[in-house]
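To start, the structure under review is shown below, and the notes come after it.
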Amino acid sequence: MELRPRAEQQWIVQPLIDAGVDLDEIGQLVSRLAFTAIVTEGCGALASLAELVADRPAEVQAAWCQVITRMLVLDGPP
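Sequence positions in the sequence shown follow this note's numbering and run 1363 to 1440.
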């Protein structure tokens, strides 16, 4: 498994940090994201991603969407 450079990792999660989410919570969200990605298939997967922060304030939900988008951008072709 290849790890991203630290600056890139920081860029990915920065929206959540800016929204006031602490690093432990970010770690929990990313772990839950990984688990969800493994066990969920199809259209339900996108809804499941949003559900991970459904109980959070709108600012955190928007930040989570940015984080997911950043992960997708970096997962694309070089």
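Glycine included, each C-beta is placed from N, C-alpha and C at the ideal position.
7 Å CB neighbourhood of residue i in its chain, flanking five on each side removed
| i | result |
| --- | --- |
| R1394 | L1414 |
| P1377 | A1425, Q1428, V1429 |
| Q1372 | none |
| Q1423 | V1415 |
Same chain, Cβ closer than 8 Å to residue i, five either side skipped, listed in chain order
| i | result |
| --- | --- |
| I1374 | R1366, V1429, R1432, M1433, L1436 |
| I1388 | V1375, L1378, I1379 |
Neighbourhood of residue i by C-beta, 6 Å cutoff - its chain only, sequence neighbours within 5 removed
| i | result |
| --- | --- |
| T1398 | S1410 |
| V1401 | none |
| E1370 | none |
For residue i, the three-state DSSP class (helix, strand or coil)
| i | result |
| --- | --- |
| R1432 | helix |
| L1414 | coil |
Residue of the options minimising C-alpha distance to residue i
| i | options | result |
| --- | --- | --- |
| E1421 | A1396, G1382, D1386, G1389 | G1382 |
Residue-chain proximity (residue i, chain D), Cβ-Cβ < 9 Å
| i | result |
| --- | --- |
| T1398 | Of the protein chains in this structure there is only one, and it is not chain D. |
Burial state of residue i (16 or more Cβ within 10 Å)
| i | result |
| --- | --- |
| L1391 | buried |
Minimum length 4: unbroken alpha helix (DSSP H) runs contained in the stretch 1372-1408: Look at the stretch 1372-1408 and you find these whole runs of alpha helix (DSSP H), each 4 residues long or longer: 1385-1401.
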